[in-house]
Amino acid sequence: MLSLEKLTKTYRTGDQALKAVDLEIPEGQVVALIGPSGAGKSTLIRCINRLVEPTSGKVWLGDIEISSLGATALRQQRRRMGMIFQEYALVERLTVMENVLSGRLGYVGFWKSFLRRYPQSDIDEAFRLLDRVGLLEMADKRADELSGGQRQRVGICRALIQNPALLLVDEPTASLDPKTSRQIMRLICELCAERGLAAIINIHDVALAQMFVQRVIGLQFGEIKFDGPPDGLVPEVLTQIYGEEDWQATIRKVEEEEEAVE
Amino acid sequence: MSDALSLHLGKPWKKPPFIKRAWLRWLIAVGAIVYLVLGIASVEVNWHRVYEGLDRGAAFIASFLTPDFLTRATDIREGITESIVMTVASSVVGILISIPIGLGAARNIAPLPVYMICRGIIALSRSLQEIIVAILLVAIFGFGPLAGFLTLSFATIGFLSKLLAENIESMDRSQAEAIRATGSSWPQWINYGVQPQVMPRLIGLSIYRVDINFRESAILGLVGAGGIGATLNTAFDRYEFDTAAAILIIIIAIVMALEYVSGIIRARVQ
Amino acid sequence: MPVSRLADGRKAWQRRERKQQLARWAMWLVGTAIFVWCWQRISGATTWFFVLDAPHIAGDILERAMPPRWSYISKLWWPIWDTLNIATLGTLMALVLAVPVAFMAARNTTPSRYFIRPLALLIIVSTRSINSLIWALLLIAIIGPGVFAGIVAIAIRSIGFCAKLLYEAIEEIDHSQVEAVTATGASRWQVMAYGIVPQILPAFAGISVFRWDINIRESTVLGLVGAGGIGLQLSSSLNVLAWPQVSLILLIILLAVVLSEWVSAKVRGAII
Numbered sequence: 000m001l002s003l004e005k006l007t008k009t010y011r012t013g014d015q016a017l018k019a020v021d022l023e024i025p026e027g028q029v030v031a032l033i034g035p036s037g038a039g040k041s042t043l044i045r046c047i048n049r050l051v052e053p054t055s056g057k058v059w060l061g062d063i064e065i066s067s068l069g070a071t072a073l074r075q076q077r078r079r080m081g082m083i084f085q086e087y088a089l090v091e092r093l094t095v096m097e098n099v100l101s102g103r104l105g106y107v108g109f110w111k112s113f114l115r116r117y118p119q120s121d122i123d124e125a126f127r128l129l130d131r132v133g134l135l136e137m138a139d140k141r142a143d144e145l146s147g148g149q150r151q152r153v154g155i156c157r158a159l160i161q162n163p164a165l166l167l168v169d170e171p172t173a174s175l176d177p178k179t180s181r182q183i184m185r186l187i188c189e190l191c192a193e194r195g196l197a198a199i200i201n202i203h204d205v206a207l208a209q210m211f212v213q214r215v216i217g218l219q220f221g222e223i224k225f226d227g228p229p230d231g232l233v234p235e236v237l238t239q240i241y242g243e244e245d246w247q248a249t250i251r252k253v254e255e256e257e258e259a260v261e
Numbered sequence: 000m001s002d003a004l005s006l007h008l009g010k011p012w013k014k015p016p017f018i019k020r021a022w023l024r025w026l027i028a029v030g031a032i033v034y035l036v037l038g039i040a041s042v043e044v045n046w047h048r049v050y051e052g053l054d055r056g057a058a059f060i061a062s063f064l065t066p067d068f069l070t071r072a073t074d075i076r077e078g079i080t081e082s083i084v085m086t087v088a089s090s091v092v093g094i095l096i097s098i099p100i101g102l103g104a105a106r107n108i109a110p111l112p113v114y115m116i117c118r119g120i121i122a123l124s125r126s127l128q129e130i131i132v133a134i135l136l137v138a139i140f141g142f143g144p145l146a147g148f149l150t151l152s153f154a155t156i157g158f159l160s161k162l163l164a165e166n167i168e169s170m171d172r173s174q175a176e177a178i179r180a181t182g183s184s185w186p187q188w189i190n191y192g193v194q195p196q197v198m199p200r201l202i203g204l205s206i207y208r209v210d211i212n213f214r215e216s217a218i219l220g221l222v223g224a225g226g227i228g229a230t231l232n233t234a235f236d237r238y239e240f241d242t243a244a245a246i247l248i249i250i251i252a253i254v255m256a257l258e259y260v261s262g263i264i265r266a267r268v269q
Numbered sequence: 000m001p002v003s004r005l006a007d008g009r010k011a012w013q014r015r016e017r018k019q020q021l022a023r024w025a026m027w028l029v030g031t032a033i034f035v036w037c038w039q040r041i042s043g044a045t046t047w048f049f050v051l052d053a054p055h056i057a058g059d060i061l062e063r064a065m066p067p068r069w070s071y072i073s074k075l076w077w078p079i080w081d082t083l084n085i086a087t088l089g090t091l092m093a094l095v096l097a098v099p100v101a102f103m104a105a106r107n108t109t110p111s112r113y114f115i116r117p118l119a120l121l122i123i124v125s126t127r128s129i130n131s132l133i134w135a136l137l138l139i140a141i142i143g144p145g146v147f148a149g150i151v152a153i154a155i156r157s158i159g160f161c162a163k164l165l166y167e168a169i170e171e172i173d174h175s176q177v178e179a180v181t182a183t184g185a186s187r188w189q190v191m192a193y194g195i196v197p198q199i200l201p202a203f204a205g206i207s208v209f210r211w212d213i214n215i216r217e218s219t220v221l222g223l224v225g226a227g228g229i230g231l232q233l234s235s236s237l238n239v240l241a242w243p244q245v246s247l248i249l250l251i252i253l254l255a256v257v258l259s260e261w262v263s264a265k266v267r268g269a270i271i
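Residue numbers (numbering that gives the first Met the number 0), protein chains in the order written: chain F, 0 to 261; chain G, 0 to 269; chain L, 0 to 271.
This is the structure:
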């Protein structure tokens, strides 16, 4: 469904963030992207919807090649890719409802969106999504009145109302406490399963990634160092991705926690 | 599907209004429209005159490309020098006077009677515009740069003392207390406990005020209080746009240079 | 640590090195010399004989100005209305023009960094560095005296001020919110309306009211050069030395300044 061919990004400073990355993600698969800071995780997902322009290489979404599209066609394809951000990136001075509806911006014209005249179907869908994530009462609150976990749920609604085929998720739990982190990860993965969405989730918490996803990709210095099921992340692999460290505790903790959760 | 959700589905949604009380919202909207209509209607515009003026406007803009520095070179040089002289002298005197007044206007270090007097001076200085002060001072002291110098000094006091006082009032108490705890006298306390905290900001504000004083000095000449304003006024009166353009270019250049220098100095003291 | 030796060979602590100390003294010396020179120029251009007489003259003026001629107020209502219009309409006109200039000047929204941005910055610095009275002089020469010249003068003077504060606010916005709106497939204008405008709206409102307050002050004196408002009456009263009228007008100006400051503080308090 999504495939990357020799995707390369070199920043103007000369930093090579991505070195000819090849990747294939089938329909409905949830993938975790792990790696140390500066490995190019964030650049990789931003190159897919071209918030960052790739230097070379191709991005295929279905049978459409994204990286050569013009501005209008790119906007249409961006509608098929929902994005969830690290610090939620909600427009803080707008209400929760406006934030959710902003996910439909690619579908409605400028004046309709400016006057907040969204089609009734969009409004119904927004309420359904807010109900699904348990924030129906918050609809008319301003986004900056919400807690971190609540904001991220709004962010999820905004991505889903686009009716995407693919979710790009950038460090969804980086600014949340451990319990909320898990709830958010679980919610994202459940929603992906319900709707048959594929997702790429950037995440630095290896244990959390192992708990929820079917496939893990390890990135280091812009190259894929690991690609396989979560239980393939043995200490040797983690050392290869992150460098020397005692990994046993990390992995064991996960297994124990999983038992505890079940 | 939850009950709460079914209440919302199929119903239109509207952004909650910024002002919640409906009557207030309407009052403000209607009031604004009525004012705008009355206001615009009461402005008499002689469109014919404006249309004729467009040529002169174009001529003025064109004269920026061919400014004439030479025809009135002596007047311009004298005027600009006088403006700079007034700026320097009034900034020095104004800053020197505003420091004690600023100290006196800070509630956390001054006794109440001193505080009231200093705040009174500040309020007076701030509510009178430079140009009006200049008119009165010209009437009292006669034409010339002395009136301009006094005007700018007076305005500097209002501006700088107020900001200095606010700065002192918001300073870190514990540092000042620590100095007082050593058994220091009042001047020592100010010198060691207060001065280091407010100095960088005082320097920054002073430089900013120099900038403002120069800009203001350019208009004081309109009422006879010295500086480049008189020359500029004459140039406009005689429609000598190329001379006026030359003067304006000099003013803009000096203001830009001052802003550049003040940027460097502020970066260094902070 | 800078230390020097006393005559008997003991060490003494000093705050600064000798070289630094000398440099500082030299700076103070040059500074004082400049100030003295400036003062001499001012003094040379002053007729000190008149200045010695100043307290007497001041007392004389004060005596003649008191009490204000209250009945003159009936002729001032219309100029007061004009003054309010100059300030308000001028501010509105300035805001309309300042918004596009600010967007062109902000590094993150400018369409072109090397051509349009410098142009916008030039507009900002040139309108800002010239006082509204000078703009009024110019406009009177171009479009003739009257309220309209005053409005335009206030508007031009305010463009640079408002645009500068606004573009600084635009440069400080949270970029991730803009990125998030872009990622939904929004068009350039939608990104503007949803990602940028909500973030700068409070700053915009604050700037408008702040500038309106300043413009009320400035519009009271524009009449001195013939650009309408209460300054016209001030000017004509001064010309015929009608001091009781002058004192009344000054009182009204003072009142207007205090009122506008109060209004602007209230409104800003309500917004933020």
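Even for Gly, the Cβ is constructed at its ideal location relative to N, Cα and C.
task = State the Cα-Cα distance for the pair L/PRO201 and L/ILE195, rounded to the nearest angstrom.
result = 12 Å
query = Does any C-beta atom of chain C lie closer than 9 Å to the C-beta of F/GLN209?
reply = Absent from the structure: chain C. Protein chains present are F, G and L.
task = Using only the heavy atoms of the ligand GDP, determine whether one of them is closer than 8 Å to the beta carbon of G/LEU159.
result = Among the components of this structure there are no ligands whatsoever, and the ligand GDP is therefore not found.
message = Measuring only the C-alpha atoms, how far is G/ALA234 from L/VAL220?
response = 21 Å
inquiry  = Measuring alpha carbon to alpha carbon, tell me which residue in L/VAL146, L/ALA135, L/LEU237, L/GLN198 is nearest F/VAL90.
reply    = L/GLN198
ask   = Are F/LEU159 and F/LEU190 closer than 9 Å when you measure CB to CB?
value = yes
task = Could you please give the first and the last residue of the uninterrupted beta strand (DSSP E) stretch that includes G/PHE142?
result = Unbroken run through G/PHE142: none, as it is neither H nor E.
ask   = Do you know whose CA, among F/GLY217, F/GLU193, F/GLN182, lies nearest F/ILE199's CA?
value = F/GLY217
query = Based on the DSSP secondary-structure assignment, which residues constitute the bridge partners of F/ASN201?
reply = F/LEU32, F/ASP169
query = First and last residue of the beta strand (DSSP E) that includes F/LEU3?
reply = 1–9
query = For L/THR90, which residues in chain G fall below 7 Å Cβ to Cβ?
reply = Chain G residues near L/THR90: none, gap ~12 Å exceeds 7 Å.
task = Compute the distance between the beta-carbons of F/GLY147 and F/SER174, then report whether it is under 9 Å.
result = yes
query = Taking the beta strand (DSSP E) that F/LEU17 falls in, what are its first and last residues?
reply = 15–24
message = Is L/MET0 close to chain G? Criterion is C-beta to C-beta, closer than 9 Å.
response = Because L/MET0 sits at a pLDDT of 49, beneath the cut-off of 50, its placement in the model cannot be relied upon, and the point is left open.
query = What residue range is occupied by the uninterrupted beta strand (DSSP E) comprising F/GLN219?
reply = 214–219
key: Rounded C-alpha distance that separates G/ALA72 from L/PRO117   = 30 Å
query = In whole angstroms, what is the alpha-carbon distance linking F/GLY221 and F/ARG49?
reply = 17 Å
inquiry  = Taking a contact to mean a Cβ-Cβ separation below 9 Å, would you say L/ALA152 touches L/SER125 in this structure?
reply    = no
ask   = Does the distance from the CB of F/GLU57 to the CB of F/LEU3 come in under 9 Å?
value = Residue identity differs from the one stated: residue 57 of chain F is Lys in this sequence, not Glu. Their beta carbons are under 9 Å apart, which means F/LYS57 touches F/LEU3 by this criterion.
query = Among all the DSSP beta bridges, which residues are the ones paired with F/GLU222?
reply = F/GLN219
inquiry  = Along the stretch 128–146 of chain G, where does the CB come closer than 7 Å to a CB of chain L? Name the residues.
reply    = GLN128, ILE130, ILE131, ILE134, ALA138, ILE139, PHE140, GLY141, GLY143, PRO144, LEU145
inquiry  = If I measure Cβ to Cβ from F/GLU64 and keep anything under 8 Å in the same chain, skipping five residues before and after, which residues do I get?
reply    = LYS57, VAL58
query = Between the Cα of L/THR46 and the Cα atoms of G/PHE240, G/ILE32, G/PRO144, which residue gives the shortest distance?
reply = G/PRO144
ask   = When the Cα atoms are used, what is the spatial distance from L/ALA105 to L/SER207?
value = 18 Å
request  = Report all residues from its chain with a CB closer than 6 Å to the CB of F/THR94; omit the five preceding and five following residues, and keep chain order.
outcome  = ASP139, ARG141
key: Best match in F/MET82, F/ASN162, F/ILE47 for proximity to F/LEU68 [C-alpha to C-alpha]   = F/ILE47
ask   = Cα-Cα, which of F/ARG92, F/ILE202, F/ASP121 is closest to F/LEU104?
value = F/ASP121
Chain-ordered chain G contacts of L/ARG14 [CB-CB under 8 Å] = The contacting residues do not exist; L/ARG14 stays about 13 Å from chain G at best.
task = Measure from the C-beta of F/GLN161 to each C-beta in chain L and report whether the shortest distance is under 9 Å.
result = yes
ask   = So, is F/LEU237 buried or exposed, given that buried needs 16 or more other C-beta atoms within 10 angstroms?
value = buried
request  = Classify L/SER111 as helix, strand or coil using the three-state DSSP reduction.
outcome  = coil
inquiry  = So F/GLN219 and F/PRO234 are supposed to be a Cβ contact under 8 Å. How far apart are they, rounded?
reply    = Contact doesn't hold; Cβ gap of about 16 Å is too wide.
query = What residues in the stretch 132–162 of chain F bring their beta carbon closer than 9 Å to a beta carbon of chain G?
reply = LEU135, GLU136, ALA138, ASP139
task = Let me know the secondary structure DSSP gives F/GLU261 once reduced to three states.
result = Confidence in F/GLU261 is poor, its pLDDT being 42 and thus under 50, which makes the residue's placement too unreliable to answer from.
task = Pick helix, strand or coil for F/ARG141, following the three-state DSSP scheme.
result = strand
task = Assuming F/ASP169 contacts F/ILE33 (C-beta within less than 8 Å), just tell me the rounded distance between them.
result = So it is not a contact: roughly 13 Å between Cβ atoms.
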